Structure formats: C-alpha cells, structure tokens
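Positions in the sequence shown are counted from 1; adding 123 to them yields my numbering.
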Amino acid sequence: MSMDEAFKRYVASRRGKVSALKRLEEAIVPLTRAMGHLRVDQIEQRVWDNYAEKRVRQPRKGEEEPVAVSPGTLRREFNVLRATMRRVWKDGFLVRPPEIEPPRDSTPRDRFLTKPEARRLLDACETAHVRTFMALAIYTGARKGSILALTWDRVHWQTGMIDFQEPNKPLTSKRRAVVPMTQALREELESARELADGPYVVHWHGKAIPTGLRWSFAKACERAGLTWKPTPHHLKHSVASWFAMDRVPIDQAADWLATDPTTLRRVYRKFDPSYLKSIADGFKL
C-alpha cells in the first residue's frame, strides 16, 4: 500500500468522529506531497527527519524566502503521520508501526492580553458580528469553533447559561462548556439578538461563518492600538491567564474553559502570584 492511499484511508476513518476534519485534511497535504509515493513499509526515522528538516511555509509579507514551520505545526503533522501508521498496522498492512521519535513540543504561550487591552479590542470592533464574537471569546474563553457554531436556542436567557455543546454532535477531546453569562456579556448578546437574522449568534447576513474571522480580528487589533499581533486563540489563553492571576480554583477554571485541569495546572500556574511565594518568603541565607 502506498502512503497516499494510507492517508486517504485514515482521513476516511476519522470522518464523522472528529470536529476539526478540515485541519486534519490540511495537515495531510504536505505529508502526502513528501511521502505519498512511498510504500507504508518504507516509513522510518530517516524519512521523518528529512521531512522535518525541509518542511517550510510560503513567505509572508515582508519575508523574502520560505520559513521553517513552527514546532506546533510540525508536531501536529507528526501526530497525523503516527496515527496514520497505527491505522495501517491495525488494518493488517504492517507487522508493527514504525518507531519514530517525535519533534519537540512548542513552548506554551506566555503573551496574553491584559484586561485593558481586551476592553480596547472589544471597543475597536466596527461590525456587529465581529463584536459579538469578540465578546463571547473574552467573557467565556470558548474556542473559536464553539463560538462560530453557537445557535440562539443554546443561549438560555432564563437561567443565564450558554451551552456550547452542539446537539447530536459526538463528544471529542476538545470539550465544550456550559458557562454562565456575565452581566456585560448578557448586554452584548441582547444587542446582538435584536439584529439576529437566523439561528447563529455570530453570523454574516444570517449565514454561519465557517472559516473564522482572522482578517477582521487582525484589523480590530490594529484599531485597538495593540503593540503585538494576537490571534483568536490568544483570547482563550488570556482568560485562562486572568483566572490564574485571580487565583480561581483549578477545577472551576477547567470547567469554565472546558480544558483538562492537568493542562491548566502545567501551563498557567506560573501566572498565579502566590505560586512558589511561600518558598521565596522562607528562603534565607
């Protein structure tokens, strides 16, 4: 079996089981380009090392030459390759999957929006759908996909709760939370409801926005006068950082953000001002 066929079989096996199938398909493209002609029994450490060394992205504005992809991108593509090879093995085309050393993990994000920056960013939104998206992201810490899929029937005005879990959709490792509205978010959503034109809370002329708001988000950041370039995911990261600085208990923060408590503890405990302070207070010479 060729790797081209193996990748196609793996994608087909995940259809209907993962929410981010498009991201999986995107990760398959460069892998297929580099390895699609090989047989499945030819995949080994040397093949991966050669791929990782040459994996670059197209230059962006201001860049003259292709640039190496980020460690996070490389790790994601490695995970897809590893999962594909395990599928090939389970289907009986390999005696055992190859043992390939994974690339290093990317370092956790340290940069986050301050609360004043978040306020400026919200105020810089010029269109209703962008402002609604921004308000939901800032006040709930929900993932971009959860926000864009949110429908009005899951905004429960009487109880003041928002249910980000889509009905009849399989649960995945990316959990989706049920969170209370803050008063500020409730006011934002009440304004958005008056302009509603269809079932989606964040919409463009009544239609869902499946591809995200990267361009609109970047423009809002410019108008807000931010000195750096956050992405929509930085909003979730920022909320988690605020919770840590405010010493919100890990279990409560994990439920609010629909994130594994172990991940929160590992990545965000450094933002808690009391973390290790008792050691520092008693450390004397």
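Even glycine gets a Cβ: it sits at the ideal position worked out from N, Cα and C. Owing to the predicted nature of the structure, the values given are computational and were not obtained by experimental measurement.
Apply the 10 Å Cβ neighbour rule to residue i and answer buried if 16 or more other Cβ atoms are within range, or exposed otherwise.
i: E176; result: exposed
i: P221; result: buried
i: F406; result: exposed
i: H326; result: buried
i: E311; result: buried
i: M124; result: exposed
i: W171; result: buried
i: I402; result: exposed
i: V152; result: exposed
i: R219; result: exposed
i: P189; result: exposed
i: E200; result: buried
i: A265; result: buried
i: P355; result: buried
i: R254; result: buried
i: P372; result: exposed
By the three-class DSSP mapping on this structure, what secondary structure does residue i have?
i: I402; result: helix
i: V190; result: strand
i: R162; result: strand
i: P153; result: helix
i: R219; result: coil
i: S314; result: helix
i: S397; result: coil
i: R180; result: strand
In the DSSP assignment, find the beta strand (DSSP E) that holds residue i and state where it starts and stops.
i: M284; result: M284 to D286
Could you tell me the boundaries of the alpha helix (DSSP H) in which residue i lies?
i: P239; result: K238 to D246
i: V302; result: Run containing V302: none in the alpha helix (DSSP H); it sits in the beta strand (DSSP E), V301 to P303.
i: V141; result: First-last for V141: undefined, no H or E at that position.
i: A265; result: It is not in any alpha helix (DSSP H) - A265 carries neither H nor E in the DSSP assignment.
i: W275; result: Here W275 belongs to no alpha helix (DSSP H), and DSSP marks it neither H nor E.
i: V170; result: Q168 to K177
Compare the Cα-Cα distances from residue i to each of the options and report the closest residue.
i: T382; options: A363, S339, C248 and L271; result: A363
i: L271; options: L408, F287 and V163; result: F287
i: A206; options: N291, E289, K131 and R243; result: K131
i: D164; options: V179, V211, R198 and L144; result: V211
i: I166; options: T196, P194 and A129; result: A129
i: Y174; options: K140, K359, L308 and M158; result: M158
i: E224; options: A260, N202, A241 and T305; result: N202
i: T263; options: D369, L318 and T305; result: T305
i: H252; options: R227, D320, E186 and P353; result: D320
i: L380; options: P239, A241, R209 and I285; result: I285
Practice task
Would you mind listing the alpha helix (DSSP H) stretches within the segment 318 to 391 that are 4+ residues and don't spill past its ends, in chain order?
Solution key: 337 to 346, 355 to 368, 373 to 380 and 384 to 391
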